[in-house]
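Working notes for the structure below.
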Amino acid sequence: MLRYESVGMRYADGTAALDSVSLRVPRGQFCVILGASGAGKSTLLRMANGLTAPTQGEVWVEGTRVQPSTLAALRPRVGMVHQHFNLVPRATVATNVLSGALPGLPAWRAYLLRFPAGLRERACRLVRDVGLQPEHLRRRVSELSGGQQQRVGIARAFMLAPALLLADEPVASLDPRISRDILALLRDQARERGATVLCSLHQVDLAREFADRIVALRQGEMVFDGPAGAFDEATAKALYAAGAAAARESGAAMPELPGAGWPSMLSAGGAR
Amino acid sequence: MNTQAGNAAWRLDPPYGARALLIAIAALMLFLYTGQRVEMGRMAALTLDGALAAVGLKPQSQVTSGLGALAHSLFPLQVSYRTETSRIEGFDPDRLPWLARIETLQVSESRLNPHTLKMEDEVSTQTYLVEPLGYLWRVLVKMVETFEIAIWATLLAVLGSAPLAYCSARNYAPNRLLYVLARATVSLFRAMPELICALFLVLAYGFGPIAGVLALAIHSMGFLGKFYAEDIETADTGPQEALAAIGAGKPRVLAYAVLPQVLPKFTGYTLYILDRNVRMATVVGLVGAGGIGQELKGRYDMYQYAHVGTILVVIFITVFLLDQAAARLRRRLI
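For the protein sequence lines, the chains are A and B, in the order given. Under my numbering, the first sequence has 116 at position 131, and the numbering climbs by one with no breaks. So my numbering is basically just the index in the second sequence, starting at one, shifted up by 653.
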């Protein structure tokens, strides 16, 4: 289904965001990529639909290699759910969901906003399936709560019945209770539609609750790959402790203010 | 860790220093120099004079007497319209236009009799058709024509600037060549003042509204093209990425992820341009490009200042009303 073959990502200045990651995700699996900020989760995810190109290795989706020449045919098969929802706030829920079916629509239909009846029905069904009400259809996305917005994002992602769904920190902007609901929704919808899910998260508890399989990244390296049950407390502690230590190490170039308390106040709200 | 270096890095300097102050002083000197060249001192003196004369502290001033003379010649406004009936083709005194009346004038004129070679007073009767609101009506019709010029100029500008904006937005331009070309066109159009543009277009298209519409459209196209493009470039990239990620092409991404975001601003610019085009349409008429300006220029050249007064008042009221309407529309749309 989805195959990473010793994929690496190195920036021009030599720092590695990903270092030789190989991964196979079978059809229908709900695979969670776990790791701290900057571990390379997003980079790995975005390689599956070509938003980011690897500097080494290959990515294959359903037997097709992800490269510029295959993107046009491949992308409609790969849905995506984003951390900041990436909806158009001023547009209605209906328009946002329908825009998920844009590729493949004849040009005149796309520009005259004439979505065929089949797609409009599908959009209504999806909006219902993600737990919204009929009155939400004509409401602007900006009037919805964060959780509701992500539901719209999920409905949009399923418009083209994708074989693979990428979820890039889908619940990072939501509070814990709503995060659970959204992840449950994502898992159930994907299961019902037979879609494979690759989802990045940074909360260990959510990953263990919802994932079929957990892949942990630390500074671009794969440090764990196994069923969710095998990812125990000790592994989690090791993952984040090591990550924190490494972050301190890499941040050593930044001078510390001797004595004064306020810089630590500035960084207190930081990464995790 | 080097504590010394650490201290140096953790330091906040004041937002500006001696260099900025020096630049400010140099700029001030430059302003004083250029101000003297454009007679800013004399302007201040004359204005003060005028203010003093207005409150009666000075017997007279150049400014107030000039303004007084202007007001005297503009008012009372010319509202009625008189035509000699002999100049009206097929004039029928029994079927007068609405509100119109006929006035007869006895005009005595000294004339040289070719037979006697003496000056004789010759009395002739002239009949005039007087329409009490005739001139005002004429000006209003011209104002409507001006408005039509502005509307069509704005329409053409919006249509023309759409492809220009698409090509001159860095993130949507199909290729580098088109981008450079579109940017250059937009800059060129914006750099062309309407009045001068109209002057040349009158030579190409003749007197009348065509030159006015085109002159205004070209300038507004440059303005709208630039502003549309800037908004497209700075629109939130999130929704655009979301649609690009599922394989939607650039024009579709623009239509679905960018347009809804920037529509309120686009509407604002377009309304501003319409507002501006109405004002400018009154001016381009001065060089013969149709509308009320052409009427204004004609009357001004014939020293008919009362007519000029009527035109100016109509322009003022129209622009004021338009401004109010545009503000209201903007509030409703955004």
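For glycine and all other residues, C-beta sits at the position ideal for the given N, C-alpha and C.
Check: Option nearest Ala895 (chain B) by Cα separation, candidates A:Phe216, A:Gly138, A:Ile199; Outcome: A:Gly138
Check: Cβ-based burial, Leu215 (chain A) [other Cβ within 10 Å; buried from 16]; Outcome: Note on identity: in this sequence residue 215 (chain A) is Ala, with Leu being the wrong assignment. Exposed, since its Cβ has fewer than 16 Cβ neighbours within 10 Å.
Check: Exposed unless 16 or more other CB atoms sit within 10 angstroms - verdict on Met796 (chain B); Outcome: buried
Check: 3-residue-minimum beta strand (DSSP E) runs that sit fully inside the region 180 to 234 of chain A, ordered along the chain; Outcome: 181 to 186, 198 to 203, 206 to 212
Check: Extent of the continuous alpha helix (DSSP H) to which Leu596 (chain B) belongs; Outcome: Residue 596 (chain B) lies beyond the range of chain B shown here (654 to 987); nothing can be said about it.
Check: Every unbroken alpha helix (DSSP H) inside the region 735 to 822 of chain B [4 residues or more]; Outcome: 787 to 821
Check: Start and end residues, alpha helix (DSSP H) containing Met693 (chain B); Outcome: 693 to 707
Check: Coarse secondary structure for Thr890 (chain B), derived from DSSP in three states; Outcome: helix
Check: Asn34 (chain A) versus A:Ala219, A:Ala148, A:Ser(-9), A:Ser158, residue with shortest Cα-Cα distance; Outcome: A:Ala148
Check: Sequence-distant residues of the same chain with beta carbon closer than 8 Å to Gln731 (chain B), five excluded per side; Outcome: Tyr788, Gln957, Ala959, His960, Gly962, Thr963
Check: Endpoints, alpha helix (DSSP H) assigned at Val44 (chain A); Outcome: Run containing Val44 (chain A): none in the alpha helix (DSSP H); it sits in the beta strand (DSSP E), 41 to 46.
Check: Minimum Cβ-Cβ distance from His69 (chain A) to chain B less than 9 Å; Outcome: yes
Check: Other residues of its chain near Ala864 (chain B): CB distance less than 6 Å, five sequence neighbours each side excluded; Outcome: Ala851, Leu854, Val855, Tyr858, Ala942
Check: Under the three-state DSSP convention, the category Thr260 (chain A) falls into; Outcome: Given a span of -14 to 257 for chain A in the structure shown, any question on residue 260 (chain A) remains unanswerable.
Check: Cα-Cα separation, Ala722 (chain B) to Gln715 (chain B); Outcome: 11 Å
Check: Proximal residues of chain A, C-beta to C-beta of Lys908 (chain B) below 8 Å; Outcome: Checking the sequence, you will find Ala at residue 908 (chain B) rather than Lys. Within 8 Å Cβ-Cβ: Ala95, Tyr96.
Check: Candidates B:Leu786, B:Arg791, B:Thr757, of which the one nearest Thr778 (chain B) by Cα; Outcome: B:Thr757
Check: Phe684 (chain B) - containing alpha helix (DSSP H), residue span; Outcome: 671 to 690
Check: Close beta carbons around Arg94 (chain A), own chain, < 8 Å, minus the five adjacent residues each side; Outcome: Phe100, Pro101
Check: Interfacial residues, the region 33 to 51 of chain A to chain B, with Cβ spacing under 8 Å; Outcome: Asn34, Leu36
Check: When B:Ala835, B:Ser763, B:Pro917, B:Thr738 are compared against Gly813 (chain B), the one with the closest alpha-carbon; Outcome: B:Ala835
Check: Min CB distance Ala722 (chain B) to chain A below 9 Å; Outcome: no
Check: Segment limits, beta strand (DSSP E) that includes Ala152 (chain A); Outcome: 149 to 153
Check: Euclidean distance between Cα positions of Val792 (chain B) and Ala979 (chain B); Outcome: 23 Å
Check: Residues sharing a beta bridge with Val10 (chain A), DSSP; Outcome: A:Leu(-13)
Check: Coil, strand or helix - Ile899 (chain B) by DSSP; Outcome: coil
Check: Chain-order list of residues whose beta-carbon lies under 7 Å from that of Gly85 (chain A) (same chain, five-residue window excluded); Outcome: Arg141, Ala142, Met144, Leu145
Check: Distance between beta carbons of Gly(-7) (chain A) and Ser5 (chain A), contact taken as under 8 Å; Outcome: 5 Å
Check: Residue range of the beta strand (DSSP E) that includes Met65 (chain A); Outcome: 63 to 66
Check: Where Ala838 (chain B) falls: helix, strand or coil (DSSP); Outcome: The question names Ala, yet the displayed sequence has Thr at residue 838 (chain B). Looking at Thr838 (chain B) - three-state DSSP - the assignment turns out to be helix.
Check: Alpha carbon of Gln977 (chain B) to alpha carbon of Pro917 (chain B), nearest angstrom; Outcome: 18 Å
Check: For Pro712 (chain B) and Gln759 (chain B), the rounded distance between their alpha carbons; Outcome: 44 Å
Check: Touch test, the region 66 to 82 of chain A against the region 104 to 113 of chain A, Cβ-Cβ under 8 Å, three pairs minimum; Outcome: yes
Check: Chain-ordered neighbours of Pro913 (chain B) on chain A, where CB pairs are closer than 8 Å; Outcome: Val73, Arg75, Ala76, Thr80
Check: Cross-strand partners of Val(-8) (chain A) (DSSP beta bridge); Outcome: A:Val6
Check: The region 64 to 74 of chain A touching the region 122 to 132 of chain A, judged by at least three CB pairs closer than 8 Å; Outcome: yes
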